[in-house]
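*Asks:* Questions regarding the structure given below will be posed in turn.
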Amino acid sequence: MNVQGKFGPNYAATQQIDVYTDTREVLAHAKRNARLRGLQDWFVVDIDAHHVETVSWKEVVQYIEDPVIRDNAMRYQSERIGGPPYGLNGDLGLRYQSVGGRIPHQDDQREKVAETDVHRDVVLTRRAMDSLGVDNMVVFPTPMLFLGMHPQPEMEVWLGRAYNRWMADRILSGDDRIKTLVYLPFNTPQEAERAVEEFGDHKSVIGFCVTSTRTKPVHHNDYMRLYRMIEERGKPLAFHAGYHWQDPSLATVNRFLGMHCLGFVWCNMIHMTNWILNGIPERFPKLNTLWVESGLAWVPFLMQRLDDQFLMRQSEAPQLKRMPSEYMRDTCFYTTQPMETTHPKALENTFDMINAKTQLLFSSDWPHFDFDLPQMICDLPFIDEQAKRNILGLNAARLFNLDPTPRKNLFV
Amino acid sequence: MNEYSAGKVDDYQDGDRKVVLCGEAEVGVFRIAGEFYAWHNRCAHRAGPVCQGRLMKRVLEPVDADGQVRAQAYDECEDHIICPWHGYEFSIRTGRHPGNERVRLRKAELIVRDGEIYVRA
Ligand code: FES
């Protein structure tokens, strides 16, 4: 037996990971696993990661267009204590994300950042990309995901535009590996159109985002001009899921676990149902939609439900020329996370039903508690290497017109 | 397989944990109620750094004779290591997930010799 450490034990530098631990240390195993799987040479796109925009809220509010609201917000951010960041409604559930501190990176990332040439969020995003094995990362906000439920629709307009401008100025300019889907103030259709006009041609804007937590009908006539504009630009429209614990349908659910399981899927199930039954894919055949962060298990469920009922009640969805599931398979794209992996046969069936080889795009949701890793796609036993490469990056390259040359470095 | 020093027995108070680098591998050594346990620092979920997570007691929800619940409680006899990546919890004594015992950590061989602790990896 070869005895190592004759001069004493070699303890790991980090004995307990906490909110101060460097992202590279938290994800050290991920990097090693990505290297072991040869991902250095694969093009990998993460369609859904997050930053916590409220950490920079003092900066963001300076970009509010309305001068009165801007002044109010800036004064609030510098003087007021005891309230949440200016203008944000948030959700009760945000308090429970880390399971009482068991998952520290979900609570905060207070790690040291010495770099001063770019925004702190750029540094954190680079660290995440180079640890997870990602070449391009799409960054979404976090508490802003609830803005669609704000009682003042104009607040979504003010803050949405401020955020888009701040993103372009401070984050996207820092590293062209970071991409974004423009926040659309969807509760005010004309302002959503304005956001498409204003930000749609930015080189790091690869699409548009509706945060799904809202009660607006996606099929309302008010949105048709918006969809036409997006279709003409050739960039996809994403529906980014979120929960809303105050939703009456969740009124009896007392555990975050249950609320999160249902809430993150429910909003997209409703939007998808309306999207398909009102024939939006028939009206805008070149408009690609992407369904983000609801996992995948809901898709076969909804396909089966809609197909069965549609055949009995075709007159209620007369625009449809095909089965609902065919629109869901052929005109919609899906992101992987949180990929349900505890029932492998069901997952295999899901991949089959959504035609994952062409329609599925990897997403991590880093740094949230249920984040996924590229290795999970590499390790799937029921798809071939080409399908894995497609899901990890090539489908995204096609959909978003990205250069599929790997940019990360897993060996530094 | 090599043998790696994990320090002296006396370096460990009850409830202590030390993560030891063992070449390519990493092992977490724990002292609970006077006993030592060693687990590979690779979570059964996605190979995350499980041994570098928080140590907490198992959570229980006592049910009274009427089938009702009022408060949660900690099981003072069951120490958990909680993976910081996604929160999977494991009994430090058995290495098993409390909700599904098929989900478990990989044991590392631990030797106590002349007041010193060694792990094999
Ligand atoms: S890797 Fe440990 S909980 Fe996921």
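Residue numbers (the numbering used here), protein chains in the order written: chain A, 60 to 471; chain B, 164 to 284. Using N, Cα and C, we set each Cβ at its ideal position, and we do this for glycine too.
Could you check what DSSP says for A:Phe298 in three-state terms: helix, strand or coil?
*Replies:* By one-based count along the first sequence, residue 298 of chain A stands at place 239. Residue state, collapsed to three classes: strand.
*Asks:* For the alpha helix (DSSP H) that B:Val275 lies in, which residues bound it at each end?
*Replies:* By 1-based counting over the second sequence, the position of residue 275 of chain B is 112. Looking at the DSSP string, B:Val275 is not in any alpha helix (DSSP H); the run it does join, the beta strand (DSSP E), is 272 to 276.
*Asks:* Tell me, which residues are paired with B:Ile280 by DSSP?
*Replies:* Position 117 of the second sequence, counted from the first residue, corresponds to residue 280 of chain B. B:Ile280 pairs with B:Val275.
*Asks:* Report the residue ranges of all alpha helix (DSSP H) runs contained in full by the segment 137 to 169 of chain A; include only those spanning at least 4 residues, in chain order.
*Replies:* Runs of the alpha helix (DSSP H) inside the segment 137 to 169 of chain A: 163 to 166.
*Asks:* Evaluate B:Gly303 with the Cβ neighbour count: other Cβ atoms within 10 Å of its Cβ, from every protein chain shown; 16 or more gives buried, anything less gives exposed.
*Replies:* Chain B is shown from 164 up to 284; residue 303 of chain B falls before or after that span and cannot be answered.
*Asks:* Please identify, using Cβ separations under 9 Å, the residues of the segment 431 to 444 of chain A that lie next to chain B, in order along the chain.
*Replies:* Under the 9 Å Cβ criterion, the segment 431 to 444 of chain A contributes Asp431, Leu432, Gln434, Met435.
*Asks:* Hey, out of A:Met208, A:Pro340, A:Val197, whose CA is closest to A:Phe267's CA?
*Replies:* Here the question's residue 267 of chain A lines up with position 208 in the first sequence. When only C-alpha atoms are compared, the closest one is A:Val197.
*Asks:* Please list the partners that B:Gly262 has in chain A, where partner means a Cβ-to-Cβ separation under 9 Å.
*Replies:* Taking the second sequence and counting its residues from 1, one reaches residue 262 of chain B at position 99. The premise fails here: B:Gly262 is roughly 11 Å from chain A at the closest Cβ pair, so nothing lies under 9 Å.
*Asks:* CA-CA distance, A:Arg273 and A:Pro202?
*Replies:* Taking the first residue of the first sequence as 1, we reach residue 273 of chain A at position 214. Taking the first residue of the first sequence as 1, we reach residue 202 of chain A at position 143. Going by the C-alpha atoms only, they are around 14 Å apart.
*Asks:* To the nearest angstrom, how far is it from the Cα of B:Arg180 to the Cα of A:Leu95?
*Replies:* Along the second sequence, read from residue 1 onward, the residue named residue 180 of chain B stands at position 17. Along the first sequence, read from residue 1 onward, the residue named residue 95 of chain A stands at position 36. Cα to Cα, B:Arg180 sits roughly 28 Å from A:Leu95.
*Asks:* Looking at the unbroken alpha helix (DSSP H) that takes in A:Trp350, where does it start and where does it end?
*Replies:* Within the first sequence, the letter at position 291 stands for residue 350 of chain A. Run containing A:Trp350: none in the alpha helix (DSSP H); it sits in the beta strand (DSSP E), 348 to 351.
*Asks:* Just to be sure I understand the criterion: a residue counts if its Cβ is closer than 7 Å to at least one heavy atom of ligand 1. Which residues meet that?
*Replies:* Chain-ordered list of matching residues: B:Cys206, B:His208, B:Arg209, B:Ala210, B:Gly211, B:Val213, B:Cys246, B:Trp248, B:His249, B:Gly250, B:Tyr251.
*Asks:* Rounded to the nearest angstrom, how far is the Cβ of B:Val141 from that of B:Ile255, given a contact under 8 Å?
*Replies:* Since the first and last residues shown for chain B are 164 and 284, residue 141 of chain B lies out of range.
*Asks:* Starting from the beta carbon of A:Gln75, find every residue of chain B whose beta carbon is closer than 9 Å, and list them in chain order.
*Replies:* Counting from one through the first sequence, the residue named residue 75 of chain A turns up at place 16. Going along chain B in sequence order, the residues near A:Gln75 (Cβ under 9 Å) are Arg180, Val182, Gln215, Gly216, Arg217, Leu218, Pro247.
*Asks:* Between the Cα of B:Cys214 and the Cα atoms of B:Gly278, B:Arg269, B:Ser168, which residue gives the shortest distance?
*Replies:* Working through the second sequence from its first residue, we reach residue 214 of chain B at position 51. Selected option, being the one with the closest Cα: B:Arg269.
*Asks:* Assign B:Ala201 to one of three DSSP states: helix, strand, or coil.
*Replies:* Along the second sequence, read from residue 1 onward, the residue named residue 201 of chain B stands at position 38. Three-state result, B:Ala201: strand.
*Asks:* Report the start-end ranges of each alpha helix (DSSP H) in the segment 242 to 319 of chain A that is 4 residues or longer and not cut off at the edges.
*Replies:* You should have 248 to 258, 283 to 292.
*Asks:* With a threshold of 16 other CB atoms inside 10 Å of the CB of A:Met362, please say whether the residue is buried or exposed.
*Replies:* As a working mapping, residue 362 of chain A is identified with position 303 in the first sequence. With 16 or more other Cβ atoms within 10 Å, it is buried.
*Asks:* Report the residue from A:Gly146, A:Tyr122, A:Arg161, A:Gly142 whose alpha carbon sits nearest the alpha carbon of B:Phe253.
*Replies:* Translated into positions along the second sequence, residue 253 of chain B becomes position 90. Cα-wise, what sits closest to B:Phe253 is A:Arg161.
*Asks:* Determine the DSSP secondary structure at A:Val198, reduced to helix, strand or coil.
*Replies:* Here residue 198 of chain A is taken as the residue at index 139 of the first sequence, counted from 1. Reduced to three states, the DSSP call for A:Val198 is strand.
*Asks:* Is it right to say A:Asn246 is buried, meaning 16 or more other beta carbons lie within 10 angstroms of its own, or is it exposed?
*Replies:* Mapped onto the first sequence, residue 246 of chain A falls at position 187. That one is buried.
*Asks:* Would A:Leu478 and A:Trp325 be called neighbours here (beta carbons separated by less than 9 Å)?
*Replies:* Here chain A comprises residues numbered 60 to 471, so residue 478 of chain A is not present and cannot be evaluated.
*Asks:* I believe A:Gln75 touches B:Arg217 by the beta-carbon criterion, under 8 Å. Please report the beta-carbon distance rounded to the nearest angstrom.
*Replies:* Reading the first sequence from its first residue, position 16 is the one you call residue 75 of chain A. Reading the second sequence from its first residue, position 54 is the one you call residue 217 of chain B. The Cβ separation is near 7 Å, so the contact holds.
*Asks:* For the alpha helix (DSSP H) containing A:Arg83, list its first residue and its last residue.
*Replies:* As a first step, residue 83 of chain A is located in the first sequence; it is residue number 24 there, counting from the start. Note, A:Arg83: alpha helix (DSSP H), 82 to 85.
*Asks:* Please confirm if A:Asn313 has its CB atom under 9 Å from at least one CB of chain B.
*Replies:* Within the first sequence, numbered from 1, the residue matching residue 313 of chain A stands at position 254. Not one chain B Cβ lies under 9 Å of A:Asn313.
*Asks:* Using a Cβ-Cβ distance cut-off of 9 Å, determine whether B:Asp254 contacts chain A.
*Replies:* On the second sequence, residue 254 of chain B is found 91 positions in, with the first residue counted as 1. For the sequence presented, residue 254 of chain B should be read as Ser rather than Asp. It does not: the Cβ of B:Ser254 has no partner Cβ on chain A nearer than 9 Å.
*Asks:* Could you have a look at B:Gly191 and say whether DSSP puts it in helix, strand or coil?
*Replies:* To locate residue 191 of chain B, count along the second sequence from 1; it is residue 28. Strand, per DSSP.
*Asks:* Buried or exposed: which applies to A:Leu316, given that a residue is buried once 16 or more other Cβ atoms fall within 10 Å of its Cβ?
*Replies:* Within the first sequence, numbered from 1, the residue matching residue 316 of chain A stands at position 257. The residue in question, A:Leu316, is exposed, as its Cβ has fewer than 16 Cβ neighbours within 10 Å.
*Asks:* With a Cβ-Cβ cutoff of 9 Å, do A:Asp431 and A:Pro397 count as a contact?
*Replies:* To locate residue 431 of chain A, count along the first sequence from 1; it is residue 372. To locate residue 397 of chain A, count along the first sequence from 1; it is residue 338. Yes.
*Asks:* For B:Ile245, does the three-state DSSP call read helix, strand or coil?
*Replies:* Counted from its first residue, the second sequence places residue 245 of chain B at position 82. In the structure shown, B:Ile245 sits in a strand (DSSP, three-state: E or B).
*Asks:* Quick one: any contact between the segment 409 to 429 of chain A and the segment 349 to 362 of chain A, if contact means 3 or more CB pairs under 8 Å?
*Replies:* At 8 Å Cβ cutoff, the stretches touch.
*Asks:* Based on Cα-Cα distance, which residue from A:Ser263, A:Glu252, A:Glu215, A:Asn148 lies nearest to A:Met226?
*Replies:* Here residue 226 of chain A corresponds to residue number 167 of the first sequence, with the count starting at 1. Here the closest residue by C-alpha is A:Ser263.
*Asks:* Taking Cβ-Cβ distances shorter than 7 Å, what residues in chain A pair up with B:Gly258?
*Replies:* Along the second sequence, read from residue 1 onward, the residue named residue 258 of chain B stands at position 95. Residues of chain A passing the Cβ test: none, with the nearest at roughly 18 Å.
*Asks:* Just to confirm the assignment, what range does the alpha helix (DSSP H) spanning A:Lys380 have?
*Replies:* As a first step, residue 380 of chain A must be located in the first sequence, where it is residue number 321. Counting along the chain, A:Lys380 falls outside any alpha helix (DSSP H), and DSSP gives it neither H nor E.
*Asks:* Using 8 Å as the cut-off, classify the Cβ of A:Leu361 as near or not near the heavy atoms of ligand 3, replying yes or no.
*Replies:* Ligand 3 is absent from the structure shown, which contains only ligand 1.
*Asks:* Taking B:Arg267 as the query, report the chain A residues whose CB atoms sit under 8 Å from its CB, ordered along the chain.
*Replies:* Start at 1 with the first residue of the second sequence, and residue 267 of chain B comes out as number 104. Result: empty, since nearest Cβ-Cβ is about 15 Å, beyond 8 Å.
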